[in-house]
Amino acid sequence: MAYSGRPILAEDLLFRPEHSLIDQSLHSRLGATTTNGDGFGIGWYGEGDEPALFKGVDPAWNDRNLREISRQIRTPMFFAHIRASTGTAVQRSNCHPFRHGRWLWMHNGVVAGFHDLRRDLVMAVDPELFPDIEGTTDSELLFFLALTFGLEEDPIPAVERAVGLVEDVAARHGVPHPVQMTVATTDGVGMWAFRYASAGQARSLYFSTRVDKLAALHPEVEVLHELGTEARFIVSEPLRDLSGAWNEVPESSCGFVRPGEAEMLPFRPLLAAA
1165 MAYSGRPILA
1175 EDLLFRPEHS
1185 LIDQSLHSRL
1195 GATTTNGDGF
1205 GIGWYGEGDE
1215 PALFKGVDPA
1225 WNDRNLREIS
1235 RQIRTPMFFA
1245 HIRASTGTAV
1255 QRSNCHPFRH
1265 GRWLWMHNGV
1275 VAGFHDLRRD
1285 LVMAVDPELF
1295 PDIEGTTDSE
1305 LLFFLALTFG
1315 LEEDPIPAVE
1325 RAVGLVEDVA
1335 ARHGVPHPVQ
1345 MTVATTDGVG
1355 MWAFRYASAG
1365 QARSLYFSTR
1375 VDKLAALHPE
1385 VEVLHELGTE
1395 ARFIVSEPLR
1405 DLSGAWNEVP
1415 ESSCGFVRPG
1425 EAEMLPFRPL
1435 LAAA
């Protein structure tokens, strides 16, 4: 789940919706697994330039500290992730979101054949960035490939080149259809989301309808009047059943949200040399 808009309590984002991320950690409806209990993480922007992180390897539904601190975090940009490991260790450094400088990154999905592709992909990371990799996941490595290809300057082509590289390396190793991903990333001001799979049928991803339009449709829903008109959600699963509230991100698409601006674009992997 990613949120951008008027500062709001993390507790209202994590625990208040009827199908909140905490509920999804036990009862995912659209994910690859019903239970996502291999850790969690939240990232938010407050004081200073860099975002803060809080992660744990306990299941999100069973972490009292997460409940405690969520009552005290009020933020205009909030990322939250629940993890089901695809083979790498259950440890704090492997929990999302991942951070580098002002940037946060979350990924749902998998790089198929990662065990065989990993060395070639690691060697493609900028040597100045390499020491900052903390964990062992395909998700974090994809983040650092995007950083290598210019995420901080122009996010969409950077991610297209990162994915293009993964597909190129996979083809050389005989691994078909390597990429399955939905990704959210932010620098604290803008928010970008990506939905793509090499073979199609990418994991689910939704963005929220403009809050002013929703409030007009559902004047009885009090929480809609607490959110500003710039509020946007990007979620793997709708947070509540509310007609007109959620829009599926099309296959092979990406989008970005900034104050006063939002756009959806096609996503096309690029070879790094292109």
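Take the position in the sequence shown, starting the count at 1, then add 1164; the result is the number in the numbering used here.
Each residue gets a CB set at the ideal place from its N, CA and C atoms; glycine is no exception.
Remember, predicted model here, so these are calculated numbers, not experimental data.
Shown here, Met1287 sits in a helix according to DSSP, grouped into three states.
The beta-carbon distance between Arg1374 and Thr1393, rounded to whole angstroms, is 7 angstroms. This is short enough to meet the 8 angstroms contact definition. Secondary structure of Pro1171 (DSSP, three-state): strand.
Taking a 10 Å sphere around the C-beta of Ala1380, we find fewer than 16 other C-beta atoms and assign the residue as exposed. Between Arg1266 and Asp1213, the CB-CB gap stays under 8 angstroms. Short of 6 angstroms from the beta carbon of Ser1234, and not among the five residues preceding or following it, lie these beta carbons of its own chain, in chain order: Ala1174, Glu1175 and Leu1178. DSSP places Val1387 in the helix class (H, G or I) of the three-state scheme. Assignment of Phe1371 by DSSP, reduced to helix, strand and coil, places it in the strand class. When C-beta atoms of the segment 1278 to 1292 are compared with those of the segment 1229 to 1247, fewer than three pairs fall below 8 angstroms, so the two segments do not count as touching. One alpha carbon belongs to Asp1318, the other to Glu1324, and they sit about 11 angstroms apart.
For Trp1356, the pairing in a beta bridge is given by DSSP as Thr1349 and Phe1420.
Short of 6 angstroms from the beta carbon of Glu1298, and not among the five residues preceding or following it, lie these beta carbons of its own chain, in chain order: Ser1257. DSSP, read as helix, strand or coil, puts Phe1431 in coil. Membership of Gly1328 in any beta strand (DSSP E) is not indicated; the residue belongs instead to the alpha helix (DSSP H) covering Pro1319 to Arg1336.
The C-beta of Arg1247 has 16 or more other C-beta atoms within 10 Å across all chains shown, which makes the residue buried. Of all alpha-carbon atoms in Glu1401, Met1355 and Lys1377, the one lying nearest the alpha-carbon of Leu1391 is that of Lys1377.
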